[in-house]
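Using the numbering used here, read the sequence shown as starting at 572 and increasing by one per residue.
Inspection log for the structure reproduced underneath, given as structure tokens.
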Amino acid sequence: MYPRSFHYHRARSLDEAVAMLGQLGSSAKVLAGGQSLIPLLKLRFANPEHLVDLNFIPDTSFIEEDSTALHFGAMTRHGEIERSALTKTIPVLHDCAAGIADVQVRNRGTIGGSLAEADPSGDWANALVTLDTTVHCLGHGGARSLPLKDFITDAYTTVLAPDELVTEVEVKIPHKGSGGAYVAFKRSAPVYPSASAAVQLTLAGDVCQDAAIALGCVGLTAIRATEAETALRGKTLNGDGNDKTIASAAEAARAAADPQPDMRGSAEYKRELVVALVKRAIQIAIRRARGERVEGVHLYA
Ligand SMILES: Cc1cc2nc3c(=O)[nH]c(=O)nc-3n(C[C@H](O)[C@H](O)[C@H](O)COP(=O)(O)OP(=O)(O)OC[C@H]3O[C@@H](n4cnc5c(N)ncnc54)[C@H](O)[C@@H]3O)c2cc1C
């Protein structure tokens with residue numbers, strides 16, 4: 572189906588895009604990679620009168636490092652993040668980017684668009700919430716920055732005002748001795764995951780100093796599995812398949828999941844997936860925290 576007709580506006584700067592959104596009001600939508608918006612337009616689930624295109628604004632796609640953080644321009648494509656050597660220093664980011672859909676989607680879809688869309692099945696929010704992530708925004712009232720945990724408030728819902736843009740995503744570089752993994756289970760490459768788990772651990776020797784665990788596709792937003800994190804903190808982790816501490820953290824994650832049955836499986840099946848994914852993500856995170864290189868972590872049916 573073709574989208575309903577709309578007026579197309581090409582913004583030349585972020586300020587101009589914000590001004591356009593202010594003038595056009597709630598009948599306008601921003602176009603980034605179009606990988607969520609264009610299908611919705613074609614299905615006529617979204618029928619904006621105006622589209623403000625961000626794709627021709629200079630300097631909105633970048634990956635930069637300073638002494639404490641990596642900075643991603645909102646228009647940075649998933650594929651650019653996947654291929655970036657800088658991103659490989661925080662493996663959760665590379666895992667996430669490399670597992671999103673297929674090459675076509677990764678070459679168009681953007682990190683800013685993904686967070687703004689706040690799709691409960693989207694990968695970025697779940698992976699980034701285990702890291703110290705800040706979302707930088709620009710609107711009519713000026714610039715503001717929020718922790719990611721305060722940016723997404725519900726399924727498909729963020730704190731963005733109608734005339735406000737995501738401009739940058741900032742991720743603090745984890746401390747030495749910290750390792751992470753983002754593992755998704757997918758029925759095939761070009762589809763969203765059935766469930767996913769993100770883990771970031773800090774080890775001192777074999778003792779877990781700190782842990783962040785998040786679950787994706789099993790709630791309206793990414794779920795922080797705080798009981799599972801508590802089950803790991805202060806404990807010795809050997810990281811093998813018989814590690815009882817890891818098993819109890821995975822069981823705590825099962826209890827935290829709140830999945831809905833759908834075409835990807837029953838609620839019970841998704842809870843089972845969560846247990847397996849959390850175990851696997853913890854084991855990979857431990858190996859990475861010890862300095863080992865582990866690649867290709869996703870599971871495909
Ligand atoms: C076949 C297919 C499979 C996919 N599989 C996956 C998957 O496995 N995992 C996954 O995470 N995603 C998946 N996606 C979605 C993809 O990652 C999208 O790129 C992402 O959800 C949205 O990013 P976008 O840049 O395409 O945004 P768009 O589609 O252009 O925009 C999405 C929404 O965000 C708003 N928006 C965009 N950018 C900004 C901004 N800078 N500031 C404020 N608002 C903004 C738009 O107005 C719109 O409402 C898939 C998409 C397709 C088509």
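Glycine included, C-beta positions come from ideal geometry on N, C-alpha and C.
Quick caveat, the model's predicted, so the values are computed rather than measured.
- Query: Buried or exposed: alanine 606, going by 16 or more other Cβ atoms within 10 Å of its Cβ?
  - Reply: Rather than alanine, the amino acid found at residue 606 in this sequence is glutamine. It counts as buried.
- Same chain, Cβ closer than 7 Å to threonine 639, five either side skipped, listed in chain order: Taken in chain order, the residues that qualify are Lys743, Ile744.
- Query: Just curious, the alpha helix (DSSP H) that glutamate 620 is in, first and last residue?
  - Reply: Looking at the DSSP string, glutamate 620 is not in any alpha helix (DSSP H), and its letter there is neither H nor E.
- Task: May I ask which residues mark the beginning and end of the beta strand (DSSP E) holding glutamine 780?
- Result: Annotation for glutamine 780: the continuous beta strand (DSSP E) segment containing it runs 778-787.
- Query: Under 6 Å from any heavy atom of ligand 1, does the C-beta of proline 619 make it?
  - Reply: no
- Message: Quick check: does the Cβ of proline 629 come within less than 6 Å of any heavy atom belonging to ligand 1?
- Response: no
- Message: Report the start-end ranges of each alpha helix (DSSP H) in the stretch 620-693 that is 4 residues or longer and not cut off at the edges.
- Response: Correct list: 649-654, 662-670, 674-679, 682-688.
- Are the Cβ atoms of alanine 785 and alanine 793 separated by less than 7 Å? yes
- Message: Closest to alanine 645 by C-alpha separation, out of Glu739, Ala582, Pro662, would be which residue?
- Response: Glu739
- Does the stretch 625-632 come close enough to the stretch 659-677 that 3 or more CB-CB pairs lie under 8 Å? no
- Task: Under 7 Å Cβ to Cβ from leucine 844, same chain only, skipping five residues before and after it: list those, please.
- Result: Within the same chain, Cβ atoms closer than 7 Å to the Cβ of leucine 844 are found at Phe756, Ser765, Ala766, the five residues on either side in sequence being excluded.
- Between the Cα of tyrosine 579 and the Cα atoms of Met591, Lys806, Leu803, which residue gives the shortest distance? Met591
- Query: Is it right to say serine 759 is buried, meaning 16 or more other beta carbons lie within 10 angstroms of its own, or is it exposed?
  - Reply: With fewer than 16 other Cβ atoms within 10 Å, it is exposed.
- Query: Apart from the five residues just before and just after lysine 659, which ones in its own chain have a Cβ nearer than 6 Å to its Cβ?
  - Reply: His665
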